[in-house]
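Asks: Sequences listed follow chains A and B, in order.
Here the first sequence is numbered in my numbering, starting from 133 and rising by one per residue.
Here the second sequence is numbered in my numbering, starting from 244 and rising by one per residue.
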Amino acid sequence: MPDVDLEVKLAVYRHFAGTARRPSAGEIGATLGLPGDEVLASFRRLVGKRVLVLDDDGASIRMAPPFSGIPTQHVAVVEGREHFANCAWDVFGIVAACGGRGTALSRCEQSREPLELEIGNDGPEASDWLFHSAVPAARWWDDIVFT
Amino acid sequence: MLFFRSEERLEEWCRTCGEPVRPTATLPQLWGLAKAWYSTRLRRDSRRPQPDEIRSIFGRLGLTDDFWDPRADTFG
Numbered sequence: 133m134p135d136v137d138l139e140v141k142l143a144v145y146r147h148f149a150g151t152a153r154r155p156s157a158g159e160i161g162a163t164l165g166l167p168g169d170e171v172l173a174s175f176r177r178l179v180g181k182r183v184l185v186l187d188d189d190g191a192s193i194r195m196a197p198p199f200s201g202i203p204t205q206h207v208a209v210v211e212g213r214e215h216f217a218n219c220a221w222d223v224f225g226i227v228a229a230c231g232g233r234g235t236a237l238s239r240c241e242q243s244r245e246p247l248e249l250e251i252g253n254d255g256p257e258a259s260d261w262l263f264h265s266a267v268p269a270a271r272w273w274d275d276i277v278f279t
Numbered sequence: 244m245l246f247f248r249s250e251e252r253l254e255e256w257c258r259t260c261g262e263p264v265r266p267t268a269t270l271p272q273l274w275g276l277a278k279a280w281y282s283t284r285l286r287r288d289s290r291r292p293q294p295d296e297i298r299s300i301f302g303r304l305g306l307t308d309d310f311w312d313p314r315a316d317t318f319g
């Protein structure tokens with residue numbers, strides 16, 4: 133991975149972690165001292181490496197797993213910031229990425245019963261809820277937005 | 244990738260959506276996966292697990308069904 137892509141990747145993740153919202157190419161450019169079009173070119177290379185997923189506009193970050201660039205039903209609360217996650221796995225993933233302590237908010241997809249789960253130093257509190265993926269591991273990236 | 248309150252709610256959802264019921268993971272298993280994938284994500288040396296590592300991670304957590312194998316071709 134070219135150094136610029138590594139720097140852009142880190143800046144994107146750290147922006148999500150620090151602000152709980154997606155950065156624009158311009159914001160990443162301002163952080164790194166790079167022109168926006170160079171950052172956009174990096175975004176597109178990072179899509180090819182399965183680091184980012186962009187919206188249909190080809191510029192806005194839809195996913196920087198575990199972070200979601202758009203609101204979803206899966207929210208990780210860490211240090212008072214509410215981060216949107218892409219899926220059930222990623223709501224735990226955001227807590228793991230941001231230090232390992234937080235609250236996972238989601239719901240049962242069938243009953244819509246809310247899930248609120250504290251995650252501490254020893255992991256999630258006791259719960260008999262289940263995680264389910266409709267897509268087998270070998271096909272997760274065939275359509276990562278659906279997965 | 245979704246949460247369900249119970250096996251019964253999962254089976255209802257699968258029937259409604261026409262999706263097969265796949266193997267499930269417990270929340271402690273999911274936490275193990277989340278840590279393996281993402282705990283270093285904000286670090287410079289972070290990298291995504293490779294297929295052999297993925298198989299090992301799933302196996303360590305007791306997720307040994309072919310469903311979790313990143314190279315399995317047994318699921319349509």
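No residue lacks a Cβ here, since even glycine has one placed at the ideal position from N, Cα and C.
For clarity, every value in this text was computed on a predicted model and none was experimentally measured.
Give the interface partners of Thr-267/B over in chain A, defined as CB-CB distance under 8 Å, in chain order.
Replies: Residue 267/B sits at position 24 when you count from the first residue of the second sequence. Near Thr-267/B (Cβ distances below 8 Å), the residues of chain A are Leu-262, Phe-263, His-264.
Asks: Between Pro-266/B and the rest of its own chain, which residues show a CB-CB distance below 6 Å, the 5 nearest in sequence each way excluded?
Replies: Indexing the second sequence from 1 puts residue 266/B at position 23. So the list reads Asp-308, Phe-310, once near-sequence residues are dropped.
Asks: Is Glu-139/A buried or exposed, if buried means 16 or more other CB atoms sit within 10 Å of its CB?
Replies: As a working mapping, residue 139/A is identified with position 7 in the first sequence. Glu-139/A is buried by the Cβ-count criterion.
Asks: For the structure I just gave you, are there three or more beta carbon pairs, one from the stretch 267 to 280 of chain B and one from the stretch 246 to 262 of chain A, closer than 8 Å?
Replies: Yes: at least three Cβ pairs fall under 8 Å.
Asks: Between Phe-216/A and chain B, is there a C-beta pair that is closer than 8 Å?
Replies: Here residue 216/A corresponds to residue number 84 of the first sequence, with the count starting at 1. No, because no Cβ of chain B sits closer than 8 Å to the Cβ of Phe-216/A.
Asks: What do you get for Cys-299/B, buried or exposed, if any count of 16 or more other CB atoms within 10 angstroms of its CB means buried?
Replies: Here the question's residue 299/B lines up with position 56 in the second sequence. Position check: residue 299/B holds Ser in this sequence, whereas Cys was assumed. Ser-299/B is exposed by the Cβ-count criterion.
Asks: Would you report the Cα separation of Ala-310/A and Ser-192/A, rounded to the nearest angstrom?
Replies: The structure shown has nothing for residue 310/A, since chain A only spans 133 to 279.
Asks: Taking Phe-301/B as part of the alpha helix (DSSP H), name the residues at either end of that continuous run.
Replies: Taking the second sequence and counting its residues from 1, one reaches residue 301/B at position 58. Looking at the DSSP string, the run of the alpha helix (DSSP H) that includes Phe-301/B is 294 to 303.
Asks: Measure the Cβ-Cβ separation of Leu-120/A and Val-267/A and say whether it is below 8 Å.
Replies: Lying outside 133 to 279, the shown extent of chain A, residue 120/A is not represented and no answer is given.
Asks: Counting Cβ pairs closer than 8 Å, one from the stretch 196 to 203 of chain A and one from the stretch 244 to 260 of chain B, do we hit at least three?
Replies: Not touching, per the Cβ criterion.
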